[in-house]
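Here my numbering is used: the first residue of the sequence shown is 14, the next is one more, and so on.
In this text, a Cβ means the ideal position worked out from N, Cα and C, and glycines have one as well.
As the structure is a prediction and not an experimental result, all values here were calculated from the model.
This report concerns only the one structure given below.
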Amino acid sequence: MRTVVITGSASGIGLATAEILRDRGDRVIGVDLHDADVTVDLTTAEGRASLVEQVRELSGGTVDAVIANAGLALPVAATVAVNFFGAVATLDGLRPLLLASDAPRAALTSSMASLMPHDDLLVDAALAGDESKAMARAQELVDAGLGQLIYASSKVALSRWMRRVAAAAAWAGAGIPLNGIGPGIVETPMTAEMIATEEQRTAMADMVPMPLHGYMQPDVPGHLLAWLVSEENTHLCGQLVFVDGGSDVVLRGDSTW
């Protein structure tokens, strides 16, 4: 039986993934603000440190996989704190517990929004590890009426961080595949208000085209995350897999080749 830690486990993609993993016989240690084995606030340094300590105690010092899935999609500075700094702290903080596993795996939830317009100053501050500067820049965007750039910026930074570290000694060198998913629009509590009306759904479809089956339920990205942290995944390294109904294809075409 594998032990898997999932942040954001109380709803949406995290809950669906936890159910998939439990159904296949894995032990899941859920992390969230409520209704979880570990209840912490990932916007704070104290919450992140508590996450590591509580997981160490619950797991006995060994975990087989970590899924940094918790996230916010609000045009506020706290989105950066959770989506980037919380995710990185989760993965870095729990990495020592992965080293004791025979088949360690790690994954994160980014977004197809990482393909959208973003703020370079915010991304650079995040990647420099300067949380104070990143939070200040996010607030500047809010004050300037540009808060909509925060979510995409947080996901751009997280995706770049993954690409920069995945092949390094701490991850690939230690035998830990680190990868991520880039979901399109998933029908979860986080997106409910964005697609509540037909007008909103039409506007969202123009921005996030999903020609293959349209919007998805959270078990769709959940199954992908479950595979990424399975023992079957031995060689995928630093890849952001877009599970987006075709958004990446429509928006980028063959530009990456």
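* To do: Could you please give me the residues that DSSP links to T56 through a beta bridge?
  => For T56, which the question treats as bridged, DSSP gives no partner whatsoever.
* To do: Starting from R118, trace the beta strand (DSSP E) both ways and give me its first and last residue.
  => 118-122
* To do: Find the nearest neighbour of L85 within the set M203, S268, S243, judged by alpha-carbon distance.
  => M203
* If we ignore side chains and look at the alpha-carbon of each, how far apart do V95 and A83 end up? -> 7 Å
* Asked: By Cβ distance below 6 Å, which residues in the same chain neighbour Q319 in space, the five residues on each side in sequence not counted?
  -> Because the chain in this structure spans residues 14 to 270, residue 319 falls outside the shown range and cannot be described.
* Asked: Who are M229's beta bridge partners in DSSP?
  -> V199
* Asked: Considering only residues of the same chain and omitting the five flanking positions on each side of L112, which have a CB-CB separation below 7 Å?
  -> A187
* Could you check the C-alpha separation between S127 and I42 for me, to the nearest Å? => 28 Å
* **Cutoff 6 Å; reference D48; Cβ partners in own chain excluding five residues on either side** => A23
* To do: State the DSSP-derived secondary structure class of D48, mapped to helix, strand or coil.
  => coil
* Asked: What does a CB cutoff of less than 8 Å around R69 pick up in its chain, not counting 5 residues either side in sequence?
  -> L110
* Do G99 and R150 have their CB atoms nearer than 8 Å? -> no
* Span separating the alpha-carbon of A157 from that of R35 -> 45 Å
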